[in-house]
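Visitor: Just so we're aligned: the sequence shown equals residues 0 to 232 in numbering that gives the first Met the number 0. Ideal Cβ positions, reconstructed from N, Cα and C, are used throughout, including at glycine.
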Amino acid sequence: MTEINKDNFEENEDSANMDIQQTENDGVKNETKPHDSESAQSEEEKKKGFWKDLIQTIVLAALIFLVLNTLTSRVKVFNVSMQPTLKQGYLLLVNKMAYKWGEPKRGDIIVFHHAGIEDQDYIKRVIGLPGDHIEISGGVVIVNDTPLTEPYIKEMPRYTLTETVPNGKLFVLGDNRNQSDDSHSWGFVDMDWVVGKALFIYWPLSEIKLLTGPDIIENSARPGLSVDFAPGT
């Protein structure tokens, strides 16, 4: 009898130990389940955050592009009429709002639709404003009796001309005076044809520079400053 009771006790003890171990194992398993759930939730939140950031970036880039496209234009120079200031292949940034918020001045480099034709864009320098008297003689351009100091031209013009600029019009010339199709050959530019004002060259990188400056009549009245402050030089 004693031996039987001992065996039963050992069996009961082993069974109890197994129950305790199983309970402990179950406890370990139960503790790992919340951790796995939190990790999966964290990964899901990271994915949602990534897509949210990506969409916001795309929308912001699109808005910036639309604003820039509304306010500015990028123009490539194709001909030689504005040499040496602008050479073939140069890329320019043009402010399309310049003359909606302000007035043109002599010396501005502008882009306009030639004869109002939208797919024929020209780029020239403004020489005369409405009401200005223009005279070209002996290789010198004279505006309102003031001879212009023009260090930006390729060579002096070999033609003569006398004009008065009508209201709502501009008189424009290319810096390559003798190889430019401009106001000396076909007349004036209507203000409604103007696309905008060239601000600066942005390509090639070695030629980056501003294309703005003071009025060329005012500049010509200050000969000591004319070369340094001539627009586009």
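Following a CB-centred definition, is Thr161 positioned closer than 8 Å to any heavy atom of the ligand SAM?
Guide: The ligand SAM is absent from the structure shown, which contains no ligands of any kind.
Visitor: Tell me, please, which residues DSSP counts as bridged to Pro150.
Guide: Walking along the sequence shown from the start, residue 150 turns up at place 151. Bridge partners of Pro150: none, in fact.
Visitor: So, at 6 Å on beta carbons, what are the nonlocal neighbours of Ile152 in its own chain, with the 5 sequence-adjacent residues on each side left out?
Guide: Working through the sequence shown from its first residue, we reach residue 152 at position 153. Excluding positions up to five away in sequence, the list reads Asp174, Arg176.
Visitor: Does the distance from the CB of Leu169 to the CB of Met190 come in under 9 Å?
Guide: Locating residue 169 in the sequence shown gives position 170, counting from the first residue. Locating residue 190 in the sequence shown gives position 191, counting from the first residue. Cβ distance < 9 Å, so Leu169 and Met190 count as in contact.
Visitor: Please report the distance separating the alpha-carbon of Glu30 from that of Lys51.
Guide: Stepping through the sequence shown from its first residue, residue 30 is reached at position 31. Stepping through the sequence shown from its first residue, residue 51 is reached at position 52. Residue confidence for Glu30 is low, a pLDDT of 49 falling below 50, so the modelled location carries little weight and cannot support an answer.
Visitor: Applying the 10 Å Cβ sphere with the 16-neighbour rule, what's the burial state of Arg73?
Guide: In the sequence shown, the residue the question calls residue 73 occupies position 74. It is exposed - the Cβ of Arg73 has fewer than 16 other Cβ atoms within 10 Å.
Visitor: Can at least three beta-carbon pairs, one atom from the stretch 138–152 and one from the stretch 111–120, be found at a separation below 8 Å?
Guide: No, the stretch 138–152 is not in contact with the stretch 111–120.
Visitor: Verify whether the separation of the beta carbon atoms of Leu204 and Leu92 is less than 9 Å.
Guide: Locating residue 204 in the sequence shown gives position 205, counting from the first residue. Locating residue 92 in the sequence shown gives position 93, counting from the first residue. No, the Cβ-Cβ distance between Leu204 and Leu92 is not below 9 Å.
Visitor: Nearest to Ile71 by CA position, among Gln55, Val194, Trp202, is which residue?
Guide: Numbered from its first residue, the sequence shown carries residue 71 at position 72. According to the sequence as given, residue 71 is Thr; it is not Ile. Thr71 has its Cα closest to that of Val194, out of Gln55, Val194, Trp202.
Visitor: Suppose you measure from the CA of Ser38 to the CA of Leu210; what does that come to, to the nearest Å?
Guide: Start at 1 with the first residue of the sequence shown, and residue 38 comes out as number 39. Start at 1 with the first residue of the sequence shown, and residue 210 comes out as number 211. Answer to the nearest angstrom: the Cα atoms are 58 Å apart.
Visitor: Where are the beta strand (DSSP E) runs, 3 residues long or more, that stay fully inside the stretch 33–62, in chain order?
Guide: None, since the stretch 33–62 contains no complete beta strand (DSSP E) of that length.
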